[in-house]
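One structure is given below, encoded as structure tokens.
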Amino acid sequence: QKEVEQDPGPLSVPEGAIVSLNCTYSNSAFQYFMWYRQYSRKGPELLMYTYSSGNKEDGRFTAQVDKSSKYISLFIRDSQPSDSATYLCAMGDSNYQLIWGAGTKLIIKP
Amino acid sequence: DTEVTQTPKHLVMGMTNKKSLKCEQHMGHRAMYWYKQKAKKPPELMFVYSYEKLSINESVPSRFSPECPNSSLLNLHLHALQPEDSALYLCASSQAWTGYSYEQYFGPGTRLTVT
């Protein structure tokens, strides 16, 4: 079993829909949770960074962490074609290294 | 300024060549990273420098040789690579108060093809 599980997709939704992207993890020691967006042939871009449980909102993006369920989510409201990308979750272990999910390819259809 | 720059953008090299990848950041970060990313896979950590000292080497073959000339620059020297080393090579940086930080900022990458 991988430490971080993420459905690779693709996930295809119409423009304007609310998108929900998720990761589950097995290591209860994870305290730091990140979402990166990666466009094709580009480097990952840090979108959201959350410490411990709770919600964090930034514009159209909301990150949620449920440590009791070992489950994190990224919600995108009013999705746009420009949101089409691969979204990677990453978690910080006690050695300050990032443990990555496989990435979910998201397609927003105009 | 949250920019990490990498040169070149693309590189094609033969198995007997020697080349270098370069990375620069001006965010005052003291930790810098090299990652390798294959298609449809997440980044794989190769090396970490913290305060210009090599802190992590993820058992990377010796044909990859990192160098950190100063706190803003990171190089990756390549020699005698194999075709399976073809990938996107990513540089990242982060604050490093106690060693490393989880908020890593990535450059656009160098797409390397080994023929």
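Chain order of the listed sequences is L and X.
Just add 18 to the spot in the first sequence (first one is 1) and you have this note's numbering.
Just add 835 to the spot in the second sequence (first one is 1) and you have this note's numbering.
Glycine is no exception: its CB is placed at the ideal position from the N, C-alpha and C atoms.
Same chain, Cβ closer than 6 Å to residue i, neighbours up to 5 away in sequence not counted
i: V847/X; result: T948
i: S46/L; result: none
i: F51/L; result: T68, V83, I90 and M109
Nearest to residue i (by Cα), restricted to the options the options
i: Y896/X; options: Q930/X, S929/X and A915/X; result: It is Pro, not Tyr, that sits at residue 896/X in the sequence shown. Of Q930/X, S929/X and A915/X, the residue nearest in Cα terms is A915/X.
i: S38/L; options: S97/L, G110/L, L64/L and K88/L; result: S97/L
i: L913/X; options: P877/X, M862/X and W869/X; result: W869/X
i: S906/X; options: L923/X, C858/X, K844/X and Y937/X; result: C858/X
i: K871/X; options: A931/X, S929/X and P901/X; result: P901/X
i: D25/L; options: K876/X, A927/X, N910/X and H861/X; result: K876/X
i: R78/L; options: I94/L, F51/L, L64/L and P32/L; result: I94/L
i: G942/X; options: A866/X, L909/X and A927/X; result: A927/X
Residues of its chain near residue i, where Cβ-Cβ distance is below 7 Å and the 5 sequence neighbours each way are ignored
i: S30/L; result: I125 and K127
i: S102/L; result: L124, I125 and I126
i: Y89/L; result: N40 and T42
i: L106/L; result: Y54, Q56, P62, W118, G119 and G121
i: N892/X; result: F882
Residue i: first and last residue of the uninterrupted beta strand (DSSP E) it sits in
i: L889/X; result: K888 to N892
i: Q872/X; result: A866 to Q872
i: E879/X; result: E879 to S885
i: R946/X; result: T945 to V949
i: K876/X; result: It is not in any beta strand (DSSP E) - K876/X carries neither H nor E in the DSSP assignment.
i: M850/X; result: Careful: M850/X lies outside any beta strand (DSSP E) and carries neither H nor E.
i: Q841/X; result: V839 to T842
Three-state class that DSSP yields for residue i in the structure shown
i: P904/X; result: strand
i: E859/X; result: strand
i: E919/X; result: helix
i: E21/L; result: coil
i: V895/X; result: coil
i: S928/X; result: strand
i: Y940/X; result: strand
Proximity test, residue i beta-carbon vs the ligand ADP heavy atom, cut-off 7 Å
i: T945/X; result: Among the components modelled here there is no ligand, and therefore nothing to report on the ligand ADP.
Contacts around residue i, its chain only, beta-carbon distance under 8 Å, and the 5 residues preceding and following it disregarded
i: D111/L; result: N45, A47, F48 and I117
i: T950/X; result: V847, M848, G849, M850 and P918
i: S70/L; result: Q49, V83 and K85
- Message: Please give me, in chain order, every unbroken run of the beta strand (DSSP E) with length at least 3 that falls completely inside the region 30-115 of chain L.
- Response: 37-43, 50-56, 63-69, 72-76, 79-84, 89-94 and 103-110
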